[in-house]
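Structure first, then comments.
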Amino acid sequence: MLFLFFPRARLIWLAAASSLALGFGAWAQPPSAGPKSILFERANVFDGKTNRLVPNQYVLIQGNRIVSITPTPPADASSAVRLAAEGKTLIPGLIDVHVHMIFGALTMQELLAPDMTPEKAVAQAGVAANKMLLRGFTSVRDVGGPVFALKSEIDRGRINGPRIWPSGAMISQTSGHGDLRLPGEPSRRFFGVVSRAERLGATFVADGRDEVLTAVRENLKMGASQIKLMAGGGTSSAYDPVDVTQYTFDEMKAAVEAAEDWGTYVTVHAYTTRAITRAVRAGVKCIEHGQLLDAPTLRLMKKNGVWLSCQNLVADTPDMDPLRREKRKPVIEGQARVWPLAKKMKVKLAWGTDFLFEPHLNEQQNEYLLTLTAWFTPFEILKMVTHDNGQLLALAGNRSPYPGPVGVVEAGAMADVILVDGNPLENIPLIAQPATAFLVIVKDGQIVKNLLR
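Per the numbering used here: the sequence shown = residues 18 to 470.
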């Protein structure tokens, strides 16, 4: 399993450092200062919410906000950089709400390498973050891992990458999906010490109400925008079958109370109806995965306004461990049932990828969106990966690290937009061709890609 490398003191130092380059300034390619104003001229606008384009609009960006969308040129755009957008479609930046920016950028062998350092890890994850941004993903929700240092470097402009809503260390019970100890590492309560994975900021193994409260509050102290708990078994973890339920109601309720005291929410890893029912009744606001859900449990989620953040997980690979393949079988089979059922029942739906330890999969991030065409229209897919995912990010309330709405093209929204060469509402495969179809990408009012030059 995973054993990382971020001692918490070092992590705090990395995240807080404001004047040090940390040894990777030479390769970082932050966006240029760029223009203060950008004007897209005569763009066809998809606002993220409406099943039609508004044709021939002038979209003015000033600073890091969209300030106006008008059918005629705005009077205050004389100094703006003008981008000819006639016949092209302006859409919101894409959003992936289930990523692991550190875990997804490195292989297990790289993570375990003796010469791996925090600087190397952030540098390598930074390269992956830049590629993700150039695929059009301007915002992501990181649902577990030592991501605070990377987020800090992106926010300071030292690394190109998407906005990150961080969860911090995964919170797991003993023997839960986030218990990443080696078999030879006994519990700290029984003759052992704090595990290496915990010391390195990957996870908290927390049992009982008091420990859960402390773990949640530690993540919030570090800047978590939401909290991630393991509420059920997993397919890639060593100790827990998929069918098990994790955390008692009281433990889970404690996490919810601590998060709500900070104005934010808890999301949980869970597949089964039993685990999800307990989580919903404890006040959890989002379920990650849920491939084994049934109609009554989806109905309970809808009644309580709970989000389902689902994925189409990668298929089995030839070299996959047979035990893991067997554990994954019901989850993979459940994907084709849960998506259309959740849609039919009008549950709040969000989409993410959940790539782990296989960096080559990151290049397929956009293509995974196209797998949704089995159940969703092009409009529904675009709306989910922009507006709907943005609404889930907004659930963090005042703990959101960014001051405005994302996932929409409207006045007052954050200036995260993509100019597409064509109309993805009619030709959805364009969304999986970022290298050629995404002519301009703007994040936070900065042009990070421009093929119109």
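Built from N, CA and C at the ideal position, the CB exists for glycine as well.
Beta-carbon spacing of residue i, residue j below 7 Å
| i | j | result |
| --- | --- | --- |
| P188 | L246 | Per the sequence presented here, residue 188 reads as Ile, with Pro not at that position. Yes, the pair counts as a contact, with Cβ atoms nearer than the cut-off. |
| L100 | F63 | no |
| T262 | R291 | yes |
| S326 | A296 | no |
| A232 | A223 | yes |
| W324 | K363 | no |
| S192 | D159 | no |
| V355 | G307 | yes |
| V71 | L77 | no |
| V259 | Y288 | yes |
| N329 | T388 | yes |
| T252 | V348 | yes |
| P109 | S242 | no |
| F165 | G249 | no |
| R59 | A102 | yes |
| I244 | V283 | yes |
Opening and closing residue of the beta strand (DSSP E) in which residue i lies
| i | result |
| --- | --- |
| N73 | V71 to Q79 |
| N383 | First-last for N383: Q382 to L387, but that is the alpha helix (DSSP H), not the beta strand (DSSP E). |
| W324 | W324 to C327 |
| L309 | Run containing L309: none; DSSP gives neither H nor E here. |
| S54 | S54 to V62 |
| A367 | K365 to W368 |
| F455 | F455 to K460 |
Residue nearest to residue i in terms of C-alpha spacing, selected from the options
| i | options | result |
| --- | --- | --- |
| R416 | I448, T281, A332 and N73 | T281 |
| G218 | S254, G161 and S54 | G161 |
| Q463 | D172, H115 and D260 | D172 |
| F455 | L436, L442, N444 and R470 | L436 |
| T265 | A276, Q243, R226 and T252 | R226 |
| I448 | P422, D333, I398 and Y419 | I398 |
| T294 | R175, L378, Q74 and L315 | L315 |
| Q141 | R152, L128 and G153 | L128 |
| V285 | V76, E277 and V273 | V273 |
| V157 | G307, Q450, V331 and G369 | G369 |
| L442 | A432, P258 and K66 | K66 |
| N81 | D438, V426, Q450 and R470 | V426 |
| N321 | D257, G249 and C303 | C303 |
| I86 | K168, L469 and G429 | G429 |
| V114 | G424, N467, Y288 and V434 | G424 |
| L409 | R69, E305, L107 and A287 | E305 |
| A97 | F372, L197, Q79 and L468 | Q79 |
| N383 | Y75, L197 and L111 | L111 |
| T106 | Y75, A359 and E268 | Y75 |
| N493 | V210, S212 and A275 | Within the shown structure, residues of the chain are numbered from 18 to 470, placing residue 493 beyond reach of any answer. |
| L358 | P313, K53 and L230 | P313 |
| N484 | L468, L230, D438 and A166 | This structure leaves residue 484 out entirely; the chain is present only between 18 and 470. |
| V434 | P446, L412 and V457 | V457 |
| E277 | L197, N467 and G300 | G300 |
With 16 other Cβ atoms within 10 Å as the buried cut-off, status of residue i
| i | result |
| --- | --- |
| K460 | buried |
| V465 | buried |
| K11 | There is simply no residue 11 to check, as the chain begins at 18 and stops at 470 in what is shown. |
| L386 | buried |
| F23 | In this prediction, F23 scores a pLDDT of 40, lower than 50, which makes its location untrustworthy; the coordinate-derived value is nonetheless stated afterwards. Label assigned to F23: buried. |
| F393 | buried |
| F207 | exposed |
| A45 | Any reading at A45 is ruled out, since the residue's pLDDT is 33, under 50, leaving its predicted position unreliable. |
| G195 | buried |
| G40 | Confidence at G40 is low in this model, with a pLDDT of 31, below 50, so the placement of that residue is unreliable and no value is reported for it. |
| H377 | exposed |
| K270 | buried |
| A43 | Below a pLDDT of 50, predicted positions are generally treated as unreliable, and A43, at 28, falls in that range; no measurement from the model is reported. |
| K238 | exposed |
| A391 | exposed |
| K168 | buried |
| E380 | exposed |
| G153 | buried |
| A353 | exposed |
| N177 | buried |
| K346 | exposed |
| T134 | exposed |
| T453 | exposed |
| G104 | exposed |
| P451 | buried |
| P179 | buried |
N-terminal and C-terminal residue of the alpha helix (DSSP H) that residue i is part of
| i | result |
| --- | --- |
| S95 | Per DSSP, S95 belongs to no alpha helix (DSSP H) and is neither H nor E. |
| R345 | P339 to K361 |
| V144 | P135 to L151 |
| K168 | F165 to D172 |
| V233 | G225 to M239 |
| M187 | M187 -> not in any alpha helix (DSSP H); beta strand (DSSP E) instead, spanning M187 to S189. |
key: Touch test, the stretch 131 to 146 against the stretch 113 to 121, Cβ-Cβ under 8 Å, three pairs minimum   = yes
task = Count the CB pairs spanning the stretch 80 to 94 and the stretch 401 to 413 that are closer than 8 Å, and state whether there are at least three.
result = Judged by Cβ distances under 8 Å, the stretch 80 to 94 makes no contact with the stretch 401 to 413, as fewer than three pairs qualify.
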